[in-house]
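One structure below.
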Amino acid sequence: MNEKNTKHILSILVDNEPGVLARVVGLFSGRGYNIESLSVSEVDSHKFLSRITIVTSGTKLIVDQIKAQLKKLIPVHDLEEISESKNFLGKELILIKLNVRKKSNIDIKRRLEKFSVEILVDNEVELIIQFAGTPIEITKLLNLLKPYKVIEQTRSGLVSMALGFNYIKK
Amino acid sequence: MKKISGARIVIETLIQENVKVIFGYPGGAVLPIYDELFKQNKIRHILVRHEQGAVHAAEGYARSTGKVGVVLVTSGPGATNTVTGLADAMMDSVPVVCISGQVPTHMIGNDAFQEADIVGITRPCTKHNYLVKNVEKLAGAIHSAFYIAKNGRPGPVLVDIPKDIQTFNSVYRGKRLTKRISYYKPNIKPKSDDIDRIVEMLKKSVKPIFYVGGGTVNSGLSASNHLHDIIKKTGFPCTQTLMGLGAFPTSDKQFIGMLGMHGTYEANMSMHQSDLLICVGARFDDRITGKVSGFSPKSKKIHLDIDSSSFNKSVNVDLTVQGDLGAILKLINERIQKKKIVFQKNKIKKWWDQINKWRGKNCLKFKNSNEIIKPQFAIQKLDQLTKEFEPFFTTEVGQHQMWAAQFLTFNKPKHWMTSGGLGTMGYGLPAAMGVQIAHPNSLVIDVAGEASILMNIQEMSTIKQYRLPVKVFILNNHYMGMVRQWQELLHGNRLSESYMDSLPDFVKLAESFGAVGLQITKPGDLDGLIKEMIKIKGPVICDVVVDPSENCFPMIPSGSSHNQMLLGPDDKMDGEISEEGMVLV
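Those protein sequence lines, which keep their order, are chains A and B. Quick note: the first sequence, position 1, residue 96 per this note's numbering, numbers continuous. Quick note: the second sequence, position 452, residue 454 per this note's numbering, numbers continuous.
See below:
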């Protein structure tokens, strides 16, 4: 038996109705599964469908059980384990606010050039930047910014998509 | 088309769902529905005395008929009182639709009088639930609820209807033209790919066993019939779970007893030693498996179930087929027929010899007495004297439940209603009430303990009101027997709070509810008592005062495997219960 805990990305297409997120999240908490990251938004406003991306961890047996339990939820239309496909994308969005009152922000900006960072606010006191990338890239960016004064940051959960035409069905 | 009120829509949808009976209790938030109920005569309403009783009654009705049981309660406490019943129905896969009133939509979230977020509360203990905030969607929600409750793996569905929605008007076009509001398409058609492999495995096995669960009963008569055919053709032994009893006749020679914690020695040993285990609609529950690492270590395992989340949940299996059991078993049965496969009985002769040796232990034996009634003896007598009436049995939860499972005969499915998964004390009396409503001319007996029966004793009043001839057979040992048994076994015989002090006089209690009360204390009076109980036309409570010290055996102590059973009070455990075992329930 494969006892190793590994990360898995699940993409779930659900009815966009009140309580649907509570059903999904409640299933995880009620059965003792992990949620490492979660993101949800409507993806089809005509059919009222939302797509939830959950990053979870567990043995293969546990993740199979998670998937089976999720599929039993009535509002769940389809479920795809993105991390099972050979090629997939996984991106997060981060907003970072830096205090630039004491240091010149030219230095920071130069360092950020390597990253395709978008500067949203730039004044004498603060610099707010936006970056979308893989979790690893985001960690790299945060490491790069360590010497600077990060006042706050906020990060979306992972959104993910597999390559090819075997996509999640409606 | 004419617009009708939401409350009227509720009644019309129920009529179209062919609902004949609902179990309920009125209150402020469902008054419009009760008003509509008053104006019609197609649906019979049974007024329970507590909403938990309503759900258990609906469960009893559903489990004994295969139809959906329907409950109607008010908001707040009315709805929260149904939670135990809904959780019970969820665990045992019983199709129930519970309609609850709610405070009007504009008051929701305001901590209004008798407001409870019942949709939030029941989310984990229902198969699905709805809060209907738009009267246009009311009919769709109710039809969806029925569809979901009975299709796929059955379960309870709650529909919460705010009072204003009940008074708003909308058009109802009938079931056929009403769009269900949920997308739900359970796969019930099995793939036939693996059927050949299964038949091959059946053919090869020298130590096979059928492990049959409640899913077989739920699937319906066709599943039971095909299973019977297959078991007869193969000549294999069959064990059944607590929920499965009756799917295959328990008086058949190939039935080797219930399995699990209080199962028979031969059933558990066979599970442990078998080389092929065919699980039919069961879920490898912890009461069945004991220590998972020691569960049936040498067998190949086939799992047939409608719910794919039951596959490989606690026990890894080699082959699974998902779908309706009736259809799966039909495929297997027909394949055997088509290929003209003859199972060589001598191939499994050694296996049967071994099983018969285990049987020889006579693991259900007990020391009978002329002085004091042994609970096992009481159940044996009850079985003997009622068999000809093909009675429906319900139970409460505890020792009496296990003795009933061990000693009663179940030759037909849907005649045995017990709280298996949740283990709800107080289940049996209201469940018996629901069974009796569905089968007014049948003998319905609730085998009870003196502790459990007090948990929903108020339903005696309902039983009286509707002249239901329910028989309550209390094995009165003055203890929460199963609690005491565990305290003896695991907690140094410190009987913390398990003694039932200040019990009522059950005879007077019965009489006060307008029923007949009978009490006996001597084994010689059992025959007379049971015969009289059957003869009496109305409800009866029998207070059978039994040996207070008797325990339920065989038993697999928690954290142990099938081959580590205790066969009787003199049987000692090998060493202490492990720490792992101590934390198990």
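Idealized CB from N, CA, C, for every residue including glycine.
By the 16-neighbour rule on beta-carbons within 10 angstroms, B:Tyr-429 is buried. The C-beta distance from A:Val-109 to A:Val-171 rounds to 5 Å, short enough to meet the 8 Å contact threshold. One Cα belongs to A:Ile-177, the other to A:Lys-166, and the distance between them is close to 15 Å.
The residue from A:Leu-116, A:His-141 and A:Leu-105 with its alpha-carbon nearest to that of A:Lys-162 is A:Leu-105. Excluding sequence positions up to five before and after B:Thr-218, its CB lies within less than 7 Å of the CB of Ala-225, Ser-226, Leu-229, Gly-246, Ala-249, Val-282, Gly-283 and Leu-327, all in the same chain and listed in chain order.
Apart from sequence neighbours up to five positions away, the residues of its chain that approach B:Asn-83 with a beta-carbon distance below 8 Å are His-52, Glu-53, Gln-54 and Val-75, ordered along the chain. Less than 8 Å divides the Cβ of B:Lys-165 from the Cβ of B:Pro-34. When secondary structure is reduced to three states using DSSP, B:Cys-127 falls in the helix class. In the three-state reduction of the DSSP assignment, A:Thr-101 falls in the strand class.
Along the segment 296-325 of chain B, the positions whose C-beta sits under 9 Å from a C-beta of chain A are Asp-309, Ser-310, Ser-311, Ser-312, Phe-313, Asn-314, Lys-315 and Asn-318, read in chain order. For a Cβ distance threshold of 8 Å, residue set Ser-311, Asn-314 and Lys-315 of chain B lies close to A:Gln-160, ordered along the chain. Residues of the segment 96-114 of chain A with a Cβ closer than 8 Å to any Cβ of chain B, in chain order: Met-96, Asp-110, Pro-113 and Gly-114.
When Cβ-Cβ separations below 8 Å define contact, A:Lys-181 makes no contact with chain B. Of B:Ser-221, B:Tyr-132 and B:Gln-18, the smallest CA-CA separation from B:Asn-153 is found for B:Ser-221. Spanning the alpha carbons of B:Val-294 and B:Glu-373 requires a straight line of approximately 42 Å.
Close to B:Pro-126, with beta-carbon spacing below 7 Å, are these residues of chain A in chain order: Gly-121 and Gly-125. Under the DSSP assignment, B:Gly-87 falls outside any beta strand (DSSP E), being part of the alpha helix (DSSP H) whose first and last residues are 85-93. Within the model, the alpha-carbon separation for B:Asn-335 versus B:Ser-102 is close to 44 Å. Counting only runs of 4+ residues, the alpha helix (DSSP H) found wholly inside the segment 272-315 of chain B occupies 288-291, in chain order. From the listed residues B:Lys-205, B:Lys-300, B:Leu-223 and B:Ser-146, the smallest Cα separation to B:Lys-187 is found for B:Ser-146. Straight-line spacing of the CA atoms in A:Arg-126 and A:Gly-252 works out to 22 Å.
In the three-state DSSP reduction, B:Asn-479 falls in the coil class, being neither helix nor strand. Using a CB distance cut-off of 8 Å, B:Ile-150 counts as an interface residue toward chain A. Here the alpha carbons of B:Ser-298 and B:Leu-333 stand approximately 26 Å from one another. By the beta-carbon neighbour count (other beta carbons within 10 angstroms, threshold 16), B:Asp-287 is buried. Every alpha helix (DSSP H) stretch that sits fully inside the segment 506-568 of chain B and reaches 4 residues is listed by chain position as 508-514 and 528-537. It is roughly 41 Å from the alpha-carbon of B:Pro-239 to the alpha-carbon of B:Phe-25. B:Asn-358: not part of any beta strand (DSSP E); member of the alpha helix (DSSP H) spanning 351-361, first to last residue.
Taking a C-beta distance under 8 Å as the contact criterion, B:Met-404 and B:Glu-452 do not qualify as a contact pair. Using a CB distance cut-off of 8 Å, B:His-108 does not count as an interface residue toward chain A. In terms of CA proximity to B:Met-535, B:Pro-471 leads the group B:Val-485, B:Pro-471 and B:Asp-507. Around the beta carbon of B:Gly-436, 16 or more other beta carbons sit within 10 angstroms, so the residue counts as buried. One finds Tyr-185 in chain B with Cβ atoms closer than 8 Å to the Cβ of A:His-172, taken in chain order. Your pair B:Cys-554 and B:Gln-487 checks out as a contact, with CB atoms roughly 6 Å apart and the cut at 8 Å. For B:Glu-581, the enclosing alpha helix (DSSP H) has its first and last residue at 581-584.
By the neighbour-count definition (other C-beta atoms within 10 Å, threshold 16), A:Thr-101 is an exposed residue.
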